[in-house]
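For reference, the structure discussed in these notes is given below.
In this note's numbering, the protein residues as written are 102 to 201.
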């Protein structure tokens, strides 16, 4: 499976980044995506998904359903061809203060 991420600044003043995840050979019936709940050297469970904005999925030039399964998992289906997941990320978060 070939996975490609593209990250771009959508709006510098509002701290929003645009992320596009592209899978060349996704599972034909469904594809599950997840974000981590923790980071190395941290013993806290984090909620990184709270900063996800407007998640959408496309395959074969058509919008396909994407559904949030739980706190940090989504499912997109069906995926007949290349699958693209597009979403925004609000990136002004002190939860990751050690990165600043």
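Ideal placement from N, C-alpha and C gives every residue a C-beta, glycine not left out.
Just to confirm, is the Cβ distance from residue i to residue j under 7 angstroms?
i, j, result
"residue 158", "residue 146", "no"
"residue 188", "residue 131", "no"
"residue 152", "residue 190", "yes"
"residue 122", "residue 186", "yes"
Between residue i and residue j, which are expected to be in contact by the criterion C-beta below 8 angstroms, what is the C-beta distance as a whole number of angstroms?
i, j, result
"residue 102", "residue 124", "6 angstroms"
"residue 104", "residue 133", "So it is not a contact: roughly 13 angstroms between Cβ atoms."
"residue 154", "residue 117", "7 angstroms"
"residue 135", "residue 173", "5 angstroms"
Would you decide whether residue i is buried or exposed? Buried here means 16 or more other CB atoms lie within 10 Å of its CB.
i, result
"residue 139", "exposed"
"residue 113", "exposed"
"residue 200", "Bear in mind that the predicted position of residue 200 carries a pLDDT of just 45, short of 50, making it unreliable; the figure below should be weighed with that in mind. Classification for residue 200: exposed."
"residue 141", "exposed"
"residue 137", "exposed"
"residue 184", "buried"
With which residues is residue i paired in a DSSP beta bridge?
i, result
"residue 162", "Per DSSP, none; premise fails for residue 162."
"residue 133", "176"
"residue 151", "Per DSSP, none; premise fails for residue 151."
"residue 171", "174"
"residue 112", "117"
"residue 144", "Answer by DSSP bridge pairing: none, since residue 144 is not bridged."
"residue 202", "Any property of residue 202 remains undetermined from this structure, which presents the chain solely from 102 to 201."
Are the C-beta atoms of residue i and some chain C residue less than 7 angstroms apart?
i, result
"residue 126", "Of the protein chains in this structure there is only one, and it is not chain C."
Return yes when the C-beta of residue i is under 6 angstroms from any heavy atom of the ligand MG, and no when it is not.
i, result
"residue 186", "Looking at this structure, you won't find the ligand MG or any other ligand, since it has none at all."
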